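Colleague:
Number of protein chains: 2
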Amino acid sequence: MTNRSITIKDVAKKANVSVATVSRVINGLDRVSDATRKRVLKIIQELNFVPNTMAASMVNKKTKMLSVVVPEIQNPFYTAVIEGTVEVAKREGFFTLVLSTNGDESEEEDFLESFLGKNVDGIILIGSHKEAEFYRGIQKPTILVDRYFNDCDHDGVMIDNYRGAYEATKHFIEYGHERIAMIDGEHDFNDGKDRFWGYRQAMLESGLAPDPDCHKQGRWTEADGYRLTIELLQSKRPPTAIFAANNVLCKGAIRAIRDLNLRMGEDISLIGFDENELAQFVQPQVTVVRRPTREMGVQAAEMLVRKIREVPMEQGNPKCVVLGVELLKHGSVKKLK
Amino acid sequence: MTNRSITIKDVAKKANVSVATVSRVINGLDRVSDATRKRVLKIIQELNFVPNTMAASMVNKKTKMLSVVVPEIQNPFYTAVIEGTVEVAKREGFFTLVLSTNGDESEEEDFLESFLGKNVDGIILIGSHKEAEFYRGIQKPTILVDRYFNDCDHDGVMIDNYRGAYEATKHFIEYGHERIAMIDGEHDFNDGKDRFWGYRQAMLESGLAPDPDCHKQGRWTEADGYRLTIELLQSKRPPTAIFAANNVLCKGAIRAIRDLNLRMGEDISLIGFDENELAQFVQPQVTVVRRPTREMGVQAAEMLVRKIREVPMEQGNPKCVVLGVELLKHGSVKKLK
DNA sequence: TTATTTTGTCAAAACGTTTACGCAATTTCT
DNA sequence: AGAAATTGCGTAAACGTTTTGACAAAATAA
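Order-wise, the sequence lines are chains R and G. All residue numbers for the first sequence refer to full-length UniProt numbering, where the first residue is 1 and numbers rise by one. All residue numbers for the second sequence refer to full-length UniProt numbering, where the first residue is 1 and numbers rise by one.
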């Protein structure tokens, strides 16, 4: 424990060169003859020397680490994004550091102030803060994922929430549904809002007046998905179709429908946003809006790496990439006409 | 971007003290008068100074970060462990850094060699390596979770895999089952092995000869859980009961049973190891061996923090804590007698 | 009162790298 | 051949902290 770890100096001494030369060898720079390079390399092997990256980082301010910050690590959507970014990061020579904030704003702040937050080369952020202000304060290269804010000064990778909800609703309508409900959570972020507006727009376009009784709002939890679905189905005029605006709400809805002994796609039609395990399990499978989760992570990481490497001056205005979604049609929507 | 960040020196100058004094204020050491402390603190505020932890770490070799290394981040078991450790770490003033290795040994090694691996204060490791040798090479305070190796020189937090499997099998037997199958994956780690031996021992004790046809081994994937279950149920002499040795295998088994149109707890009995979403969803719910996932993370983190703080000399032999498991009895086991 | 301890502070030396600059020795160009 | 460019390497100054040792000044003890 007390044994001083071997440094670049030890190597230098043993190889009869200066520390500068050793440093050059380590970093694969030129200006060092083949002979000495070989010699130094051998000594490094012998001494089992590993450069102290911390010290290096102190001078050149690069750490080769990225961080990806997500609200909850238990949600498969986020882990899929994480996997995507980790893959790219690894390929590009970066390590990825994962942080779960539990949707807690102060935890997010703490992180950014912390050792880690301060020392990563870039950040992929699925933020919990609700104001652009906060994001503007982040000095490092940052890519916002899934939740975007205008005027936040950062690039983003989003999906077309509006379109997803729109298509889902249209699908119901094409199949003859008129009393179409939606369940969702707080409209804290653009994703939730957009989905609502997509739903609403599709309804309006088809001349269906949006009935306030058909829009149930709670939190984005499975429990609330369950509760809201029960409320809807036990109301005076229950809907024939329900659009569940994210994966956990959908799972709650599936449970509720099961518990009420209703036949999916027969007594009640359901579309979920984002794939989930239960939607794939029940029979018939539940029609869902599929979004490219892993791909979001991949895109974000690629953008981030590019940004890190680009010269600071020539970065243009923030760009926000919007990835498409797809309606995976299964048997949970009944054809009424 | 080019603006040099403000350092301890700037604070010192502005407060008319030496950098040493500022350092003492930051670290809350004594030997500094109340007056100067207040003054320095105020300047720090004004200048919005945040100490560069990287530089600090360079001299005192502490980073206040832990890492938790898991094989796959998509498995809810691992995320539960992570959540437990993050909670404790946070409480104790550590940041937690999550790394998913995809079960890839070399990725695990890379990590430990990397900036991150070298600079955390301690490691919580659900390892992918199969030999104690590797673990012995880790110099930092480390807690092995879920997978343990004798003579690895580290503490561990395990659960009683043997007992869990034993109890599950006994439960089948009590209910009159005799032809009891087990599906599992490679016996690369103690957890898998112990479960198998628990199953086997329970069978033997009850005078049931373990039939090799009743032990199907594949990989620890949902796909193999599905495949092996189908194989079992379509064999000449299908079992009346199946023990699925982990959460994903169990999910595969549930799907298989559903697809074969068998009634759970009626035509076929099933017990899973570890809770999972499908087991809770289907009706009747599937009986499972519950293990304290989150608690494992909590324990591990607490042990790790203790270890980090203890003086190096007085650490005794490696300890391995074994947490208990519990059989959650639901309706998936038919009573034959 | 004098001798001792405690308190508050500072200067300077670490910590382990990278890198700008300098200077021979060698190679390449006229 | 001489001038110019290139190559190979070393010296020393960063990077932003913590920590040790020294030393007055103040408080306490004798």
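Ideal Cβ placement from N, Cα and C applies to all residues, glycine included. As the structure is a prediction and not an experimental result, all values here were calculated from the model.
Classify Gly192 (chain R) as buried or exposed, calling it buried when 16 or more other Cβ atoms lie within 10 Å of its own Cβ.
Modeller: Under this definition Gly192 (chain R) is a buried residue.
Colleague: Could you tell me whether the Cβ of Met203 (chain R) comes closer than 9 Å to any Cβ of chain G?
Modeller: Chain G, which has no Cβ nearer than 9 Å to the Cβ of Met203 (chain R), makes this no.
Colleague: Closer than 9 Å between beta carbons: that is the criterion. Which residues of the segment 234 to 255 of chain R meet it against chain G?
Modeller: Cβ contacts with chain G: Lys251, Ile254, Arg255.
Colleague: Assuming contact is defined by CB atoms lying nearer than 9 Å, are Thr101 (chain G) and Gly122 (chain G) in contact in what I supplied?
Modeller: In this structure, Gly122 (chain G) does not lie closer than 9 Å to Thr101 (chain G) by Cβ.
Colleague: At a cut-off of 8 Å, would you count Glu302 (chain R) as near the ligand ADP, judging by its Cβ distance to the nearest heavy atom?
Modeller: Annotation note on the ligand ADP: not contained in the displayed structure, which lists no ligands.
Colleague: Between the segment 50 to 61 of chain G and the segment 73 to 84 of chain G, can you find at least three pairs of beta-carbon atoms closer than 8 Å?
Modeller: These segments do not touch.
Colleague: Output the residue ranges of the alpha helix (DSSP H) runs that lie fully inside the segment 102 to 167 of chain G and measure 4 residues or longer, sorted by chain position.
Modeller: Here the runs fully enclosed are 105 to 113, 115 to 119, 132 to 136.
Colleague: Determine whether the Cβ of Asn60 (chain R) lies closer than 9 Å to any Cβ atom of chain G.
Modeller: Chain G contact via Cβ: absent.
Colleague: Taking buried to mean at least 16 other C-beta atoms within 10 Å of its own C-beta, is Lys38 (chain G) buried or exposed?
Modeller: Counting Cβ neighbours within 10 Å, Lys38 (chain G) comes out exposed, since fewer than 16 surround it.
Colleague: If Ala12 (chain R) sits next to Ser5 (chain R), beta carbons under 8 Å apart, how far is it from one beta carbon to the other, in whole angstroms?
Modeller: Ala12 (chain R) to Ser5 (chain R), Cβ: 15 Å. No contact.
Colleague: Express the C-alpha separation of Tyr175 (chain G) and His330 (chain G) in angstroms, rounding to a whole number.
Modeller: His330 (chain G) and Tyr175 (chain G): Cα-Cα distance of roughly 13 Å.
Colleague: Determine, for Thr53 (chain R), whether the minimum Cβ-Cβ distance to residues of chain G falls below 9 Å.
Modeller: Yes, Thr53 (chain R) counts as interfacial toward chain G.
Colleague: Kindly identify the DSSP beta-bridge partner or partners of Cys250 (chain R).
Modeller: DSSP lists no partner for Cys250 (chain R).
Colleague: Check for me: the beta strand (DSSP E) holding Arg290 (chain R) runs from which residue to which?
Modeller: From DSSP, the beta strand (DSSP E) with Arg290 (chain R) extends over 287 to 290.
Colleague: Sorted by chain position, which residues of the same chain lie with C-beta nearer than 7 Å to Val325 (chain G)'s C-beta, five sequence neighbours on each side aside?
Modeller: Closer than 7 Å at the Cβ level, and outside the excluded window around Val325 (chain G), lie Ile159, Asp160, Arg163, Gly164, Val289, Arg290, Arg291.
Colleague: Please classify Ser23 (chain G): does DSSP put it in a helix, a strand, or coil?
Modeller: Of the three classes helix, strand and coil, the one that applies to Ser23 (chain G) here is helix, per DSSP.
Colleague: At 8 Å on the CB atoms, spell out the chain G contacts of Gln74 (chain R), in chain order.
Modeller: Within 8 Å Cβ-Cβ: Pro76, Thr79, Ala80, Glu83.
Colleague: Quick one: which chain R residues come within Cβ less than 7 Å of Thr63 (chain G)?
Modeller: Those are Phe115, listed as they occur along chain R.
Colleague: Alpha carbon to alpha carbon, what distance is there between Ala244 (chain G) and Ala202 (chain G)?
Modeller: Those two C-alpha atoms are separated by around 15 Å.
Colleague: Given a cut-off of 9 Å, decide if Asp155 (chain G) and Cys320 (chain G) are closer than it, judged by their beta-carbon atoms.
Modeller: Contact: yes.
Colleague: Which whole-angstrom value is the C-beta distance of Val22 (chain R) and Val40 (chain R), which I expect to be below 8 Å?
Modeller: Yes, they are in contact, since the Cβ atoms of Val22 (chain R) and Val40 (chain R) sit about 6 Å apart, within 8 Å.
Colleague: In the DSSP output, what is Gly272 (chain R) paired with across the bridge?
Modeller: Looking at the DSSP assignment, Gly272 (chain R) forms a beta bridge with R:Ala244, R:Val288.
Colleague: The alpha helix (DSSP H) with Asp194 (chain R) in it runs from where to where?
Modeller: Asp194 (chain R) -> alpha helix (DSSP H) spans 190 to 205.
Colleague: How many Å lie between Thr7 (chain R) and Glu109 (chain G) at the Cα?
Modeller: Cα to Cα, the separation comes out at about 21 Å.
Colleague: Got a sec: is the Cβ-Cβ distance from Glu231 (chain R) to anything in chain G below 9 Å?
Modeller: It does not: the Cβ of Glu231 (chain R) has no partner Cβ on chain G nearer than 9 Å.
Colleague: Check distances from the C-beta atoms of the segment 277 to 303 of chain R to those of chain G and list, in chain order, the residues that come in under 9 Å.
Modeller: Within the segment 277 to 303 of chain R, the residues whose Cβ lies closer than 9 Å to some Cβ of chain G are Glu277, Leu278, Phe281, Val282, Gln283, listed in chain order.
Colleague: For the beta strand (DSSP E) containing residue 338 (chain G), name the first residue and the last one.
Modeller: No statement about residue 338 (chain G) is possible, as the shown extent of chain G runs from 1 to 337 and does not include it.
Colleague: Hey, Asp274 (chain R) and Phe77 (chain R): beta-carbon distance below 9 Å or not?
Modeller: Yes, Cβ-Cβ distance for Asp274 (chain R) and Phe77 (chain R) is below 9 Å.
Colleague: Closer than 9 Å, CB to CB, is Thr96 (chain G) near chain R or not?
Modeller: Yes, because at least one Cβ of chain R sits closer than 9 Å to the Cβ of Thr96 (chain G).
Colleague: Can you name the residues that DSSP bridges to Met264 (chain G)?
Modeller: G:Ile268.
Colleague: What beta strand (DSSP E) runs, 3 residues minimum, are completely inside the segment 7 to 95 of chain G?
Modeller: Here the runs fully enclosed are 65 to 70.
Colleague: For Val98 (chain G), list the residues DSSP reports as bridge partners.
Modeller: Bridge partners of Val98 (chain G): R:Val98, G:Val68.
Colleague: From which residue to which residue does the alpha helix (DSSP H) around Glu302 (chain R) run?
Modeller: Counting along the chain, the alpha helix (DSSP H) containing Glu302 (chain R) begins and ends at 293 to 309.
Colleague: Can you pull the chain R neighbours of Asp118 (chain G), defined as C-beta to C-beta under 8 Å?
Modeller: It should be pointed out that residue 118 (chain G) corresponds to Lys in this sequence rather than to Asp. Going along chain R in sequence order, the residues near Lys118 (chain G) (Cβ under 8 Å) are Val50, Asn52, Thr53, Met54.
Colleague: Does DSSP put His215 (chain G) in a helix, a strand or coil?
Modeller: In the structure shown, His215 (chain G) sits in a strand (DSSP, three-state: E or B).
Colleague: Would you report the Cα separation of Phe149 (chain G) and Ile124 (chain G), rounded to the nearest angstrom?
Modeller: Answer to the nearest angstrom: the Cα atoms are 14 Å apart.
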